[in-house]
Amino acid sequence: MAAEQEKEDNYLKGRGSQFNPHNHFLKNDYVKEHVEGIDDWETENSKTTFIFGQSKSIVNKVESPDVGMAYSLNPYQGCEHGCTYCYARNAHEYWGFSAGLDFERKIIVKKDAPELFRKFLEKKSWNAEIISLSGNTDCYQPAERKFRITRQLLEIALAYKQPVGLITKNALILRDKDILQELAKLNLCMVYVSINSLNEDLRSRMEPRTTTARQRLKIVEQLSSAGIPMGVMVAPLVPGLSDHEVPLILKTIADYGAKNAGYTVVRLNGAIGSIFEDWLKKNYPDRFDKVWHMIQSCHGGQVNDSRFGQRMLGGGNISKMIKDTFNLHCRLNKLNVDRIRLDSSLFQIPGSQLSFF
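So that you can map any letter, position 17 of the sequence shown is 28 in this note's numbering, and since no number is skipped, the others follow by simple counting.
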């Protein structure tokens, strides 16, 4: 009992990662890789800090054919939501930080994002393709409540009639329902909400600083009622933990007004492998072996497969069962009947005389 209590006392509540794995871009790094290796280490669950960065550009062309977006825009790097599986963790290493606790506690705020967005939209070569907010980290993470960068970006998109897609797991998006509704009237926006479990205990452990599944269903209900095209990403599904929830999730989101749905199977590339492994052992020690081996079975014996076409959905028998179950219940719930198509023909630089189209 004493050992169990000590483990609980040492667990950083509200954080997905419990340590900072080594940043492989740095030669020298002082990190805690193994608890038993350092006797006098004290881990402090310190507050989130914000770092103001300057960028040369804000809109990025997406080369991957697996993610369903052509361009992405991320006003923040790092994410306080702390989801243990987040693929964006690895990108934090490029900034000189760790993919672990640093990713959740050191948030880079791009305060110049609105200015850079305007400059990008006024390029002569721009043809008004859909730009996805939150292609990497959540644009409605807690920092947005303070800095309001995402709202400014939506105001610019509306002024230029630029089509945008958004994906989030934070109910803060409801604050901007007014702008999203105006964009939707012109067929200029679609919103996806991420829901990979309706189990609140699992959600609070795996996505510690996100809003509840009930609140995410509220997003779907309120925005769809406002005429905004709504979809849900059931992602990532973790075999042995959440994959059995697919039928219930799809029925529930359809009842709340979602028209489209997609999914991914968890993959643990780079530093995310050690972060998720540590989390799984500490939170579900009785299921660790089963879940870990099921993830490996989806990726050819590894916990990650980087090949396009395989990396997001996996392969093998378990992945096929997930795919078949997902497709069946999409049909039963009349999801994905029509594809959401946004309108690029209205794009116009404010003050110009003619549209580009």
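For each residue, glycine too, the CB sits at the ideal point set by N, CA and C. None of these values were measured; they are calculated from a predicted model.
- Bounds of any alpha helix (DSSP H) do not take in residue 309, whose DSSP letter is neither H nor E.
- Put simply, the backbone Cα of residue 125 is about 13 Å away from that of residue 171.
- Assignment of residue 117 by DSSP, reduced to helix, strand and coil, places it in the strand class.
- Comparing C-alpha distances from residue 316 to each of 337, 335, 279, 196 shows the shortest one belongs to 279.
- Scanning its chain for C-beta atoms nearer than 6 Å, with the 5 sequence neighbours on each side dropped, one finds around residue 336 the residues 257, in chain order.
- For residue 246, the enclosing beta strand (DSSP E) has its first and last residue at 241 to 248.
- In the DSSP assignment, residue 157 falls within the unbroken alpha helix (DSSP H) covering 154 to 158.
- Contiguous alpha helix (DSSP H) elements confined to the stretch 317 to 361 occur at 327 to 343, taking only those with 4 or more residues.
- Inclusion of residue 282 and residue 110 in the CB contact set at 7 Å is warranted, their separation being smaller than that value.
- Residue 29 counts as buried, since no fewer than 16 other beta carbons sit within 10 angstroms of its beta carbon.
- Membership of residue 176 in the beta strand (DSSP E) is indicated by the continuous run 175 to 179.
- Note on residue 105: under 16 other CB atoms within 10 angstroms of its CB, so exposed under the neighbour-count rule.
- Around the beta-carbon of residue 68, fewer than 16 other beta-carbon atoms lie within 10 Å, marking it exposed.
- Under DSSP, residue 88 forms a beta bridge with 119.
- A contact between stretches requires three or more CB pairs, one per stretch, nearer than 8 Å, and the stretch 204 to 220 meets this requirement with the stretch 237 to 247.
- Residue 305 carries a helical assignment under DSSP once its states are collapsed to helix, strand and coil.
- When the five nearest sequence neighbours on each side are left out, the beta carbons in the same chain lying within less than 8 Å of the beta carbon of residue 231 are those of 204, 241, 243, 264, 267, 268, 269, in order along the chain.
- The bridge partners DSSP lists for residue 273 are 244.
- A residue is called buried once 16 or more other Cβ atoms fall within 10 Å of its Cβ, and residue 155 is buried on that count.
- Here the stretch 324 to 333 makes contact with the stretch 299 to 313; the two share three or more CB pairs at distances below 8 Å.
- Rounded to whole angstroms, the gap between the alpha carbons of residue 80 and residue 140 is 10 Å.
- At a Cβ-Cβ threshold of 7 Å, residue 250 and residue 25 do not count as neighbours.
- Between residue 131 and residue 70, the gap from beta carbon to beta carbon is short of 7 Å.
- Assignment of beta strand (DSSP E) within the stretch 199 to 228, counting only whole runs of 3 or more residues, yields 200 to 205 in chain order.
- Of the candidates 277, 89, 248, 96, 89 places its Cα closest to the Cα of residue 113.
- A residue is called buried once 16 or more other Cβ atoms fall within 10 Å of its Cβ, and residue 152 is buried on that count.
- Of all alpha-carbon atoms in 253, 239, 108, the one lying nearest the alpha-carbon of residue 210 is that of 253.
- Between residue 357 and residue 272, the C-beta spacing is not below 7 Å.
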